[in-house]
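One structure below.
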Amino acid sequence: MSSNTENKTCNCFAETLERVKNHLTDQGKIPAGAIDSDFRWQGQAYILSGGEYAPVNPKIEVKYRSPKKHGGHARNMSKIDMTIMATHCCYCGREYQRKNA
Ligand SMILES: [Zn+2]
Numbered sequence: 001m002s003s004n005t006e007n008k009t010c011n012c013f014a015e016t017l018e019r020v021k022n023h024l025t026d027q028g029k030i031p032a033g034a035i036d037s038d039f040r041w042q043g044q045a046y047i048l049s050g051g052e053y054a055p056v057n058p059k060i061e062v063k064y065r066s067p068k069k070h071g072g073h074a075r076n077m078s079k080i081d082m083t084i085m086a087t088h089c090c091y092c093g094r095e096y097q098r099k100n101a
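Residues in the sequence shown are numbered consecutively from 1, following the UniProt record's numbering.
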């Protein structure tokens with residue numbers, strides 16, 4: 001795990017992915033001789049703007065049933081999904097340095 005120094009970027013997510021890869025390989029969960037193995041964070045976001053971001057961020061799911069014009073409520077749930085950008089690394093606790101923070 002990287003040290004918690006504010007000016008140096010950490011590689012916690014990449015290091016964790018590498019540890020998991022080694023673990024699954026060592027445990028034989030990925031059989032020897034397997035090809036095209038691919039390890040990635042589920043829901044990984046690629047952010048083009050400057051600054052430092054976690055590859056994966058907490059997601060919030062909102063559900064509700066809208067009122068109908070003439071009373072009652074919609075049969076189907078309405079949904080809003082949103083992602084909240086993490087301000088700190090969840091592994092080492094370092095604050096991400098944003099260009100326009
Ligand atoms: Zn970190």
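For glycine and all other residues, C-beta sits at the position ideal for the given N, C-alpha and C. Since we're looking at a predicted model, the values are computed, not measured.
query: What is the DSSP secondary structure of Val20, reduced to helix, strand or coil?; result: helix
query: In terms of residues, what are the limits of the beta strand (DSSP E) holding Thr83?; result: 78–83
query: Taking only three categories from DSSP, how would you classify Glu95?; result: strand
query: Give me whichever residues DSSP pairs with His73 in a beta bridge.; result: Pro67
query: For Cys10, does the count of other Cβ atoms within 10 angstroms reach 16, so buried, or fall short, so exposed?; result: buried
query: Shorter than 7 Å, the distance from the beta carbon of Tyr46 to the closest heavy atom of ligand 1, or not?; result: no
query: Within the same chain, show all residues whose beta-carbon is closer than 6 Å to that of Ile47, passing over the 5 residues directly before and after it, in chain order.; result: Tyr53
query: For Trp41, collect the residues of the same chain with a Cβ closer than 6 Å to its Cβ; drop the 5 residues on either side in sequence, then sort them by chain order.; result: Pro55, Val56
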